[in-house]
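K.L.:
Residue numbers (the working numbering), protein chains in the order written: chain D, 463 to 813; chain Z, 463 to 813.
Here it is, the structure in full.
There are 2 protein chains.
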Amino acid sequence: MTQSEAPPLPANAPVPGAPAPGGTRVTLAEVARLAGVSPTTVSHVLSGKRMVGEATRGNVQAAIQKLGYRPNNIARSLRTSRSRMVAVVVPDITSPFYSVLTRGLADAVYEAGYGTYVCNSDGLAERENTFVEDVLDRGVDGIVMASTNLASGGMGPSGPGTPIVYIGGAFDHPQADLVRTDDEEGSRLATAHLAARGATRIAMIQGPPEAGSARDEGYRVALAASGIEFDPELMVHGDWSRAGGSRAMQALLSLPQPPDAVFCANDLTAIGAVDAIRKAGLSIPDDIAVTGFDDADVATIVSPALTTVRNPAYDTGRTAGALLLNRMLGEYTEDNRTVVLPCTLVERESA
Amino acid sequence: MTQSEAPPLPANAPVPGAPAPGGTRVTLAEVARLAGVSPTTVSHVLSGKRMVGEATRGNVQAAIQKLGYRPNNIARSLRTSRSRMVAVVVPDITSPFYSVLTRGLADAVYEAGYGTYVCNSDGLAERENTFVEDVLDRGVDGIVMASTNLASGGMGPSGPGTPIVYIGGAFDHPQADLVRTDDEEGSRLATAHLAARGATRIAMIQGPPEAGSARDEGYRVALAASGIEFDPELMVHGDWSRAGGSRAMQALLSLPQPPDAVFCANDLTAIGAVDAIRKAGLSIPDDIAVTGFDDADVATIVSPALTTVRNPAYDTGRTAGALLLNRMLGEYTEDNRTVVLPCTLVERESA
DNA sequence: CGTTGGCACCAAATCGATTTGCTAGGCTAC
DNA sequence: GTAGCCTAGCAAATCGATTTGGTGCCAACG
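What follows is the structure, given as structure tokens:
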């Protein structure tokens, strides 16, 4: 932009956006005074909402440059009631899935000039609700809600028209868009793959009891399709964590008739299962085949590399951002939409 | 709080914080009208900055309840010029280290009522600066800047007194606090460990050329202490990624006299190195010992489990938050501080 | 009885922008 | 010559809180 008129880093030049020497920020009124026009006019050259004479515009722009004026977004937000900020509430930004999702969202809205505000709910429904209220009070223009527990449905279409898009819940919110992955199909794929390899006693380690059941569903469907009868003994709970996966697998191994394959509801759980199987001296995939779900980075790091279902975290975030933008910009005002992203099986070594 | 007066979820009760039936948000003025007092008084019962009569306070609180009033934080921020929001700019929230750091920061400031705004700079100095300006315009009360490149020092003490704390740079900012880990000591530890195991040709895969050199320093110090001469051939660049680590390791392996140990500047690089060593048919740690840096979750997932240096990401974030709060609340206004967090070696299987 | 002083409250200014309605000229068209 | 219409600009209201400087009122005190 100013490429030709300034060397890369003239160390002594005033930092752009630096405060006026006085220490307090320059206001639009001061710009107006220096340019010899009214605040109205300055505002108009900034927004382009009304025409401004050639010469006047020049003066104003010069004044802006000279004073290093930067508009105060808070004042602007107060007047326009739009903050160009979205909030995302996730269980934990530390989790690979949610951090990638958040990045997708941030990238999507950033391009439209929106910033991203992050809340960690730790999966607590109460905190989720508190956060929604909090960010509403803060005036965000949109919310992305990634809730693990169904209970979060407690709150309706949010504040005075602030759009929300939900991630992954099966819940059908009256006025909120929803983006989710096709968990059922993904699970079906993974389970069918295990069956195709010749497994006959296929276990599943699901999430915690509070979690949704779309993944269970696919598992059952695939079982039925392969003519394998569902055995409740082979369906156990994990808690999405490696340790939980390990514990669950140990339980399965101590069954009178242990499984010859296990479908894990996420990759971390699968890694825990791998730990347990290894510790029992069995081999993967020959004695027991295992598949995960998510295709997180770790899936390729563990050994054997995990056969898993690719869960498009980034695209989920991006899509959520797109839907949100859509509504925030008023481009879409109709009924609630649901977009479901496809899952694909990625075969590696563990099954 | 209202525990005794309401059942857990009276499904038909008005959602707290829901808009007035009208659709638009309730303002303080409306509360005042309903309570038969002036806005001033309502404000005072809210803030407790001046005394309000017992009866009046009761009326006001009743009105607040009845209307479901929630203060508009934007208006409040405009008046008080405090937003109770901090921004953190990181290279990529997707990286294990930065997501954990962000969580630590978020936890620390959340307790004081602050929210967290996240910016992904992808390590681009230009974007870092843009973000700082942007969040300053948005009126955040503090900034945490996690920059990989030293260049970021370009910008001074930020806006009109908005405190910044830097993460990990060696740079000494005139007015900004700094928190970093003792990279030099950590590297020294890791390298010394390799030497103690009997390695004599110890290579290092560092970060990209733009990165800081504290880790290199520790490596050299440890070498000297063990009486091993520094061999420039054994010092190569990675790019913090697994693929980069693998490439760098391949280069080392094709040396006329390959190393018998390698210290990698982060865990991902180490994992890449492991890949390359494995592919060459060599064994770890017997043929080549490897250590990483960070102790990310993946360090225990890869096989062999990584001997690495624990880099306290969470504490770094928390500390940064504490320093920031300190200044935002005006509890500390003195000169810039630097806190350096210790690193410890964690021995596993790879060395 | 007059004064001091504290209590409880209110009116109005303020934060920094945006936006609506209006006006003064200059121009064309009939 | 005048009605009509742009154009370019300004004054003032507005968004929703906080905060300063008063103002009645009543009790206590000299």
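We put the CB at the ideal spot given by N, CA and C, even for glycine.
All values derive from a computational prediction rather than experimental measurement.
#1: What residues in the region 721-742 of chain D have a beta carbon less than 7 Å from any beta carbon of chain Z?
#2: With DSSP as the reference, please indicate the residues paired to Z/Ala751 in a beta bridge.
#3: At 3 residues or longer, and completely inside the region 753-788 of chain D: list those beta strand (DSSP E) runs for me, N to C.
#4: When DSSP labels each residue in this structure, what does Z/Thr806 get in the three-state scheme?
#5: If you count every other CB in all the chains shown that lies within 10 Å of the CB of D/Ser614, and 16 or more means buried, which is it?
#6: Nearest CA to the CA of Z/Pro670: which residue from Z/Arg659, Z/Asp701, Z/Gly648, Z/Asp678?
#7: Go ahead and pull the three-state DSSP assignment for Z/Gly734.
#8: For Z/Asp797, does the count of other Cβ atoms within 10 angstroms reach 16, so buried, or fall short, so exposed?
#9: Specify whether the region 488-501 of chain Z and the region 789-806 of chain D touch according to this definition: at least 3 beta carbon pairs, one from each stretch, less than 8 Å apart.
#10: Do you know offhand how far Z/Ala657's Cα is from Z/Thr762's?
#11: Return helix, strand or coil for Z/Asp639, following the three-state DSSP convention.
#12: What is the DSSP secondary structure of Z/Thr800, reduced to helix, strand or coil?
#13: Quick check on DSSP: helix, strand or coil for Z/Ala665?
#14: Taking DSSP as the reference, what is the three-state secondary structure of Z/Ala654?
#15: According to DSSP, what are the bridge partners of Z/Asn582?
#16: Do the region 545-559 of chain D and the region 510-522 of chain D make contact, defined as three or more Cβ pairs closer than 8 Å?
#17: Taking just the CA atoms, how far does Z/Ala608 sit from D/Pro533?
#18: Quick one: which unbroken beta strand (DSSP E) runs of 3-plus residues sit fully inside the region 490-564 of chain Z? Chain order, please.
#19: What span of residues does the beta strand (DSSP E) with D/Val698 cover, start to end?
#20: Work out the CA separation of Z/Thr624 and Z/Tyr794 for me, nearest whole Å.
#21: How is Z/Val627 classed by DSSP in three states: helix, strand or coil?
#22: Identify which residue in Z/Gly689, Z/Asp759, Z/Ala661, Z/Ala784 has its Cα closest to the Cα of Z/Val752.
#23: Express the C-alpha separation of Z/Thr800 and Z/Thr770 in angstroms, rounding to a whole number.
#24: Here's the rule: buried if 16 or more other CB atoms are within 10 angstroms of the residue's CB, otherwise exposed. What is D/Gln719?
#25: Is the Cβ-Cβ distance between Z/Asp727 and Z/Ile667 less than 8 Å?
#26: Below 7 Å CB to CB, which residues in the same chain sit around D/Leu540 once its five sequence neighbours on both sides are set aside?
#27: Return no unless some Cβ of chain Z is closer than 8 Å to the Cβ of D/Gly601.
#28: Taking 8 Å as the threshold (C-beta atoms), are D/Leu714 and D/Val571 in contact?
#29: In three-state DSSP terms, what is Z/Gly577?
#30: Who are the neighbours of Z/Tyr579 on chain D, taking C-beta pairs under 8 Å?
#31: Using the C-alpha atoms, what's the distance from Z/Asn591 back to Z/Ala767?
#32: Cutting at 7 Å between CB atoms, please list the residues of its own chain near Z/Thr778, excluding the five before and the five after it.
#33: Give me the DSSP bridge partner(s) of D/Met790.
#34: Can you tell me whether Z/Val606 is helix, strand or coil according to DSSP?
#35: When the distance is taken between beta carbons, is D/Val488 closer than 8 Å to D/Gly515?
#36: For Z/Thr542, count neighbouring Cβ atoms within 10 angstroms of its own Cβ and tell me buried if that reaches 16, exposed if not.
P.N.:
A quick look at the data gives this:
#1: Answer set for the region 721-742 of chain D: Ile733.
#2: According to DSSP, Z/Ala751 shares a beta bridge with Z/Ala723.
#3: Entirely contained in the region 753-788 of chain D, the beta strand (DSSP E) runs reaching 3 residues are, in chain order, 770-772.
#4: It is a strand residue.
#5: In this prediction, D/Ser614 has a pLDDT of 48, which is less than 50 and means its spatial position is unreliable; what the coordinates show is noted afterwards. D/Ser614 counts as buried, since no fewer than 16 other beta carbons sit within 10 angstroms of its beta carbon.
#6: It is Z/Asp701.
#7: For Z/Gly734, the secondary structure class from DSSP, reduced to helix, strand or coil, is helix.
#8: Exposed.
#9: With the cut-off at 8 Å, the region 488-501 of chain Z and the region 789-806 of chain D do not touch.
#10: Z/Ala657 and Z/Thr762: Cα-Cα distance of roughly 23 Å.
#11: The three-state secondary structure of Z/Asp639, taken from DSSP, is strand.
#12: Z/Thr800: strand per DSSP, three-state reduction.
#13: Strand, per DSSP.
#14: In this structure, Z/Ala654 counts as helix in the three-state DSSP scheme.
#15: Answer is Z/Val552.
#16: No, they do not touch.
#17: Cα to Cα, the separation comes out at about 26 Å.
#18: If only complete runs of 3 or more residues are kept, the region 490-564 of chain Z shows the beta strand (DSSP E) at 547-552, in order along the chain.
#19: Taken as a continuous stretch (DSSP letters only), the beta strand (DSSP E) holding D/Val698 covers 697-699.
#20: Going from the Cα of Z/Tyr794 to the Cα of Z/Thr624 covers about 13 Å.
#21: The answer is strand: DSSP assigns Z/Val627 an E or B state.
#22: The shortest Cα separation from Z/Val752 among Z/Gly689, Z/Asp759, Z/Ala661, Z/Ala784 belongs to Z/Ala661.
#23: About 25 Å.
#24: Result: exposed.
#25: The sequence given here places Ala at residue 727 of chain Z; Asp does not occur at that position. Less than 8 Å separates the beta-carbon of Z/Ala727 from that of Z/Ile667.
#26: Cβ within range, chain order: n/a, list empty.
#27: Put simply, the CB of D/Gly601 is near chain Z, with a gap under 8 Å to one of its CB atoms.
#28: Cβ atoms of D/Val571 and D/Leu714: not closer than 8 Å.
#29: Correct three-state label for Z/Gly577: strand.
#30: Chain D residues near Z/Tyr579: Met547, Gly577, Thr578, Tyr579, Val580.
#31: One C-alpha to the other measures close to 39 Å.
#32: So the qualifying residues of the chain are Leu563, Gly566, Ile629, Val641, Thr643, Leu803.
#33: Looking at the DSSP assignment, D/Met790 forms no beta bridge with any residue, so it has no partner.
#34: Three-state result, Z/Val606: strand.
#35: Not closer than 8 Å, so no.
#36: Of the residues assessed, Z/Thr542 falls on the exposed side of the cut-off, its CB having fewer than 16 other CB atoms within 10 angstroms.
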